[in-house]
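Peer 1: Protein sequence lines correspond, in order, to chains H and U. If you're matching positions, the first sequence starts at 1 in the working numbering and goes up one per residue. If you're matching positions, the second sequence starts at 1001 in the working numbering and goes up one per residue. We put the CB at the ideal spot given by N, CA and C, even for glycine. Here's a structure for you.
Number of protein chains: 2
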Amino acid sequence: MNLNRHTIVTCALTILDTYGLPDVTMRRIASALSVQPSALYWHFASKQELLAAVAEEILHDLPRLSSGESTRLRLWAARLHGVLLRHRDGAEVVWSVLALTPWEEGIGLTIEQRLAESGLTASLAHSAAQGLLNLVLGQALSADQRRQAQLLNVTTLTDADDPATTLDDTVAIFVAGIDQARSC
Amino acid sequence: MNLNRHTIVTCALTILDTYGLPDVTMRRIASALSVQPSALYWHFASKQELLAAVAEEILHDLPRLSSGESTRLRLWAARLHGVLLRHRDGAEVVWSVLALTPWEEGIGLTIEQRLAESGLTASLAHSAAQGLLNLVLGQALSADQRRQAQLLNVTTLTDADDPATTLDDTVAIFVAGIDQARSC
């Protein structure tokens, strides 16, 4: 097989989906691809760089937010939640990568710009963008953890415990708060 | 030293603050207390049970939410954020424990009850409670991750990147959304 960035990221995603984030190591990926770990470092300078590429792949199908208008924000948040939950530990991967990314280079900046264009002050647009991102990532992380807990049968959780079911309502509450700030 | 649940939890918190969550293992705690790991299992049936006690200790200084009124909600959210950030990986510990806790036994239920009393429908009170919890945990997790990143010097992040500074604004937006839902 041809070893390139794409085959490495695809392999990392397969390991992620099957075994979870703790098992996504350079050694494990190299072993799955039948190469030495050193071969991976020709393509990625560090595990952190590889994880950033994995996060980018997870977010690949997420459209750019086209406006800060309420319906757009809610649709976009639902899409983000959807792509995060498509992979095991997806929210955790994206979160850990965003934590090491300057704000100006992360996905939050576009939200901030659209909100500023829609009438929020610069400071509130920044806070609202960070809040919306953390809210959706938080709901996805909670949903993912619940899912893992049920797979492991460590607890008896009901559908009412599933944070995935409350995503739309929680985002609607946050967006109503943004509308409120806009009209002040 | 007298080995009891309290000394074990205190030791686990010290390891957490010094080395982070991945190092909080039964073996490591036993070694720090100069006992065999088996001695810990007299007090905690599993690592999960120990982590639940650690989370309880982290949340020990958090007052119960006394009403669903806006100012109370904002103050309580700030207090929650504060106790989470008092410990390294504090948000992650609490989150991982909440994920395995039925909703009825977690800290979200009190928020839900106060919100229902304050005029939200049962369904919206549930979503709003989950959203507020995930928003604050999310902001704290982001802030914690940034803090670790700066300690490790892996990136050059500015104060503007610090999610801790946006907590009050993001919570205010969410609470304004709750007020909006109440008045409908």
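Against chain U, with Cβ distances strictly below 8 Å, would Gly68(H) count as a contact?
Peer 2: Taking the first residue of the first sequence as position 1, residue 68(H) is located at position 68. No - not a single Cβ of chain U is within 8 Å of the one on Gly68(H).
Peer 1: Please report whether the beta-carbon of Ile178(H) lies at a distance below 8 Å from any beta-carbon of chain U.
Peer 2: Within the first sequence, residue 178(H) is the residue found at index 178, counting from 1. So, interface residue.
Peer 1: Secondary structure at Asp1017(U), three-state DSSP: helix, strand or coil?
Peer 2: Along the second sequence, read from residue 1 onward, the residue named residue 1017(U) stands at position 17. Correct three-state label for Asp1017(U): helix.
Peer 1: Helix, strand or coil for Asp1061(U)? Go by DSSP, reduced to three states.
Peer 2: Indexing the second sequence from 1 puts residue 1061(U) at position 61. Here Asp1061(U) sits in coil by DSSP.
Peer 1: Quick one: grab the DSSP three-state call for Ser67(H).
Peer 2: The residue given as residue 67(H) occupies position 67 in the first sequence. In this structure, Ser67(H) counts as coil in the three-state DSSP scheme.
Peer 1: Pull out every residue of the stretch 1136–1148 of chain U whose Cβ sits closer than 8 Å to any Cβ of chain H, in chain order.
Peer 2: Per Cβ criterion, the list reads Leu1137, Gly1138, Gln1139, Leu1141, Ser1142, Gln1145, Arg1146 and Gln1148.
Peer 1: Counting only the same chain and skipping the five closest in sequence on each side, list residues whose C-beta sits under 7 Å from that of Arg1028(U).
Peer 2: The sequence position of residue 1028(U) within the second sequence is 28, counting from 1. Excluding residues within five positions, the ones whose Cβ falls inside 7 Å are Ile1015.
Peer 1: The alpha helix (DSSP H) with Trp95(H) in it runs from where to where?
Peer 2: Along the first sequence, read from residue 1 onward, the residue named residue 95(H) stands at position 95. It spans Gly90 to Ala99 - the alpha helix (DSSP H) in which Trp95(H) sits, taken as one unbroken run.
Peer 1: Since Asp169(H) and Ser1066(U) are thought to touch, with beta carbons under 8 Å apart, how far apart are those beta carbons, to the nearest angstrom?
Peer 2: Here residue 169(H) refers to the residue found at position 169 when the first sequence is read from its first residue. Here residue 1066(U) refers to the residue found at position 66 when the second sequence is read from its first residue. Going by Cβ atoms, the distance from Asp169(H) to Ser1066(U) rounds to 24 Å, so no, they are not a contact pair.
Peer 1: Can you name the residues of chain U whose CB is closer than 7 Å to the CB of Gly82(H)?
Peer 2: The residue labelled residue 82(H) in the question sits at position 82 within the first sequence. Within chain U, no residue comes near Gly82(H); the closest Cβ sits about 16 Å away, beyond 7 Å.
Peer 1: Can the beta-carbon of Glu1092(U) be found less than 8 Å from the beta-carbon of Leu1141(U)?
Peer 2: Here residue 1092(U) is taken as the residue at index 92 of the second sequence, counted from 1. Here residue 1141(U) is taken as the residue at index 141 of the second sequence, counted from 1. A contact, by the Cβ cut-off of 8 Å.
Peer 1: State the Cα-Cα distance for the pair Thr1110(U) and Thr1165(U), rounded to the nearest angstrom.
Peer 2: The residue you call residue 1110(U) lines up with position 110 of the second sequence. The residue you call residue 1165(U) lines up with position 165 of the second sequence. Those two C-alpha atoms are separated by around 26 Å.
Peer 1: Of the residues Glu1056(U), Leu1167(U) and Leu1050(U), which one's Cα is nearest the Cα of Glu1105(U)?
Peer 2: Taking the second sequence and counting its residues from 1, the one referred to as residue 1105(U) is at position 105. It is Glu1056(U).
Peer 1: Can you tell me which of the three DSSP states Arg1005(U) falls into?
Peer 2: Here the question's residue 1005(U) lines up with position 5 in the second sequence. Reduced to three states, the DSSP call for Arg1005(U) is helix.
Peer 1: Specify, as a first and last residue, the run of the alpha helix (DSSP H) that Leu195(H) falls within.
Peer 2: With chain H running from 1 to 184 in the structure shown, residue 195(H) is simply not present.
Peer 1: Expressed to the nearest angstrom, what Euclidean distance is found between the alpha-carbon atoms of Gly1177(U) and Leu1124(U)?
Peer 2: Indexing the second sequence from 1 puts residue 1177(U) at position 177. Indexing the second sequence from 1 puts residue 1124(U) at position 124. Each residue's alpha carbon lies about 11 Å from the other.
Peer 1: Run through DSSP, which three-state label would Gln42(H) get?
Peer 2: By one-based count along the first sequence, residue 42(H) stands at place 42. Inspection of the sequence shows that residue 42(H) is occupied by Trp rather than by Gln. Of the three classes helix, strand and coil, the one that applies to Trp42(H) here is coil, per DSSP.
Peer 1: Any contact between the stretch 1141–1151 of chain U and the stretch 1081–1096 of chain U? By contact I mean 3 or more CB pairs, one from each, below 8 Å.
Peer 2: Touching, yes, given that three or more Cβ pairs across the two stretches are closer than 8 Å.
Peer 1: According to DSSP, simplified to helix, strand and coil, what is Val1136(U)?
Peer 2: Here residue 1136(U) corresponds to residue number 136 of the second sequence, with the count starting at 1. Helix.
Peer 1: If I follow the unbroken alpha helix (DSSP H) through Val175(H), where does it start and stop?
Peer 2: For the purposes of this step, residue 175(H) is taken as the residue at position 175 of the first sequence. Looking at the DSSP string, the run of the alpha helix (DSSP H) that includes Val175(H) is Leu167 to Arg182.
Peer 1: Could you work out which residues of chain H lie near Trp1076(U), taking near to mean beta carbons separated by less than 8 Å?
Peer 2: If you number the second sequence from 1, residue 1076(U) lands on position 76. What Trp1076(U) touches in chain H: nothing, since even the nearest Cβ is about 16 Å away.
Peer 1: Quick one, which of Tyr1041(U), Gly1082(U), Leu1033(U) and Arg1088(U) has its alpha-carbon nearest Pro1022(U)'s?
Peer 2: The sequence position of residue 1022(U) within the second sequence is 22, counting from 1. Checked all of Tyr1041(U), Gly1082(U), Leu1033(U) and Arg1088(U); the closest Cα to Pro1022(U) is Arg1088(U).
Peer 1: Determine the extent of the alpha helix (DSSP H) in which Ala1164(U) is found, giving its start and end residues.
Peer 2: Here residue 1164(U) corresponds to residue number 164 of the second sequence, with the count starting at 1. Ala1164(U) -> no alpha helix (DSSP H), and no H or E assigned at all.
Peer 1: Based on Cα-Cα distance, which residue from Ser1118(U), Leu1050(U) and Gly1082(U) lies nearest to Pro1063(U)?
Peer 2: Within the second sequence, numbered from 1, the residue matching residue 1063(U) stands at position 63. Among Ser1118(U), Leu1050(U) and Gly1082(U), the Cα nearest to that of Pro1063(U) is on Gly1082(U).
Peer 1: Quick test of your reading: Leu1084(U) and Ala1181(U), contact by CB under 8 Å. State the CB separation rounded to the nearest angstrom.
Peer 2: Sequence index remark: in the second sequence, residue 1084(U) carries index 84 (1-based). Sequence index remark: in the second sequence, residue 1181(U) carries index 181 (1-based). With 8 Å as the limit, Leu1084(U) and Ala1181(U) do not qualify as a contact, their Cβ atoms being about 26 Å apart.
Peer 1: Report all residues from its chain with a CB closer than 7 Å to the CB of His43(H); omit the five preceding and five following residues, and keep chain order.
Peer 2: By one-based count along the first sequence, residue 43(H) stands at place 43. Taken in chain order, the residues that qualify are Asn4, Arg5 and Ile8.
Peer 1: Just checking: is the beta-carbon of His1126(U) within a distance shorter than 8 Å of some beta-carbon in chain H?
Peer 2: As a working mapping, residue 1126(U) is identified with position 126 in the second sequence. So, interface residue.
Peer 1: Hey, how far is the Cα of Leu1033(U) from the Cα of Ala1149(U)?
Peer 2: For this step, residue 1033(U) is matched to residue 33 along the second sequence. For this step, residue 1149(U) is matched to residue 149 along the second sequence. Taking the straight line joining both Cα atoms gives about 30 Å.
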